[in-house]
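Reviewing the structure listed below.
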Amino acid sequence: MGRREDYRGAIAGLADEALEAYLDERSGLPGPRANLELADAVADVVDAATAYRLAGSDHEFVRLCGVSALGAVAAREDGAAREEAVERLHDEARDDRWRVREAVAIALQRIGDVDPALLRAVVGAWLADDDPLVLRAALAGVCEPRLLRDPETAALALDTCERATDRLCRYSPFARRSPRVRAMRQTLGYCWSVAVAADPDHGLERFGRLNSSSDPDVRWVDRENRRKQRMRRLL
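Residues 1 to 235, numbered by the UniProt record's numbering, are exactly what the sequence shown covers, in order.
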């Protein structure tokens, strides 16, 4: 938390080009891991206008910071401003860059930290979307252990896993080879274990149905989740 506090202090006095340069220099990229503490600090302090500006950047880490900050914007605003931020997150969920998509999940989790009911409303709406990347964002956003201490959110996480798995089964073999569907499948490969661990009384039975599926991708999802330590403890 100390570094995050230091970052907040450092970026509070920066504007426009100076802020973007600061973010670029400390992004951690290229490298295996982006500087998410810095991204969190950005979301803590920037206003809505700055969040939108950063989210429009061509620089991947700067864009990541802006997109994750839109979660904070949605959490603190209401009315049209909130709807605009959520709609922008919906658009960013379909980005081809995985770090931008991960920023959408982080943004949803920030919403859930402040307003669990809003998170549930957003995830519920996104479940009706046909785009597998939007489904992937809903999964990754809601299947976060700290958010699933709330029983209603934990129940939604199980519903989200189940509905996304059902959707996976309905894709044609050709569609399943697309990067978009594969990204959703990868997310299902760990989200079931998170959701079941939060509510094993209801989750184990629902997860157990995957084991009897003849669908090869569902069997893969089942196998990957069984390998997770949190699931192994339950099974």
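For each residue, glycine too, the CB sits at the ideal point set by N, CA and C.
No experiment lies behind these values; they were computed from the predicted model shown.
Here's a check: name, in chain order, each residue in its chain whose Cβ is nearer than 7 angstroms to the Cβ of residue i, leaving out the five neighbours to either side.
i	result
Gly203	Leu158, Ala195, Val196
Ala93	Arg101, Val104, Leu133, Val134, Ala137
Asn35	Arg26, Ser27, Gly28
Tyr7	Glu37, Leu38, Ala41
Lys228	Tyr190, Ser193
Asp95	Arg101
Leu19	Ile11
What does a CB cutoff of less than 6 angstroms around residue i pick up in its chain, not counting 5 residues either side in sequence?
i	result
Asn211	Asp222
Pro151	none
Ala12	Val45
Arg3	Glu37
Ala72	Ala43, Arg110
Arg233	none
Taking the beta carbon of residue i as the centre, do at least 16 other beta carbons fall within 10 Å, making it buried, or is it exposed?
i	result
Gln109	buried
Ala107	buried
Cys169	exposed
Val62	buried
Arg88	buried
Phe174	exposed
Val114	exposed
Arg120	buried
Ser68	buried
Ala154	buried
Leu148	buried
Gly141	buried
Glu5	exposed
Relative to the C-alpha of residue i, which residue among the options is closest?
i	options	result
Val134	Ala103, Gly112, Val114	Ala103
Pro32	Glu144, Trp192, His90, Trp98	Trp98
Ser172	Leu188, Pro200, Gln186, Asp217	Asp217
Leu118	Thr165, Leu14, Glu77, Arg146	Glu77
Trp220	Arg232, Val142, Arg233, Tyr190	Tyr190
Asp129	Ser178, Glu84, Met184	Met184
Trp126	His90, Glu144, Glu17, Cys143	His90
Work out the CA separation of residue j and residue i for me, nearest whole Å.
i	j	result
Ala198	Val42	30 angstroms
Ser214	Glu25	49 angstroms
Tyr22	Ala15	10 angstroms
Asp201	Arg230	14 angstroms
residue 236	Arg180	The question about residue 236 has no answer, for the chain in this structure spans 1 to 235.
Arg146	Ala49	29 angstroms
Leu70	Gly79	15 angstroms
Along the chain, where does the alpha helix (DSSP H) that runs through residue i open and close?
i	result
Arg26	Run containing Arg26: none; DSSP gives neither H nor E here.
Val122	116-126
Asn225	216-226
Ala154	151-170
Asp47	Note, Asp47: premise wrong, no alpha helix (DSSP H); not H, not E.
Arg94	Unbroken run through Arg94: none, as it is neither H nor E.
Pro173	173-176
Ser193	179-198
Could you pull out every residue in the same chain whose Cβ sits closer than 8 angstroms to the Cβ of residue i, ignoring the five residues on either side in sequence?
i	result
Glu162	Arg206
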